[in-house]
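For reference, the structure is listed below as structure tokens.
Numbering (our numbering), first residue to last: 638 to 742.
Below, the structure written as structure tokens:
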């Protein structure tokens, strides 16, 4: 396993905060990638771990998101995980801008 994959595991699985883990795994981008990884892992008779089947691009994306969620406060991670408010977190789109203006917390 390469350094990037080890770093992802360390940041997420090694984090004592269940809220940061929940926010990370609940992220729609992470969920989509993990779904593909589980499919590849199943096809490979469950050899290794699902992360072993990530492409370089998927690994790069997962690492970037793992670093983001690892730096996040537990309160912010809890808000995101409970509300499913991932688009607000990304700050993209008209709906997100409106939410940030009307609901700044």
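The beta-carbon is built from N, C-alpha and C at its ideal position, and this holds for glycine as well.
For the pair residue 703 and residue 690, the CB atoms are not nearer than the 8 Å cut-off. Annotated as proximal: residue 711 and residue 657, with beta-carbon spacing under 8 Å. If you draw a straight line from the Cα of residue 684 to the Cα of residue 675, it is about 11 Å long.
Distances from the alpha-carbon of residue 666 to those of 697, 719, 650 put 697 closest.
Considering only 707, 644, 716, 673, the residue with the shortest C-alpha distance to residue 692 is 673.
Counted as a single uninterrupted DSSP element, the alpha helix (DSSP H) harbouring residue 719 occupies residues 711 to 720.
Around the beta-carbon of residue 669, fewer than 16 other beta-carbon atoms lie within 10 Å, marking it exposed. Residue 720 has its alpha-carbon roughly 23 Å from the corresponding atom of residue 648. Per DSSP, reduced to three states, the secondary structure at residue 643 is helical.
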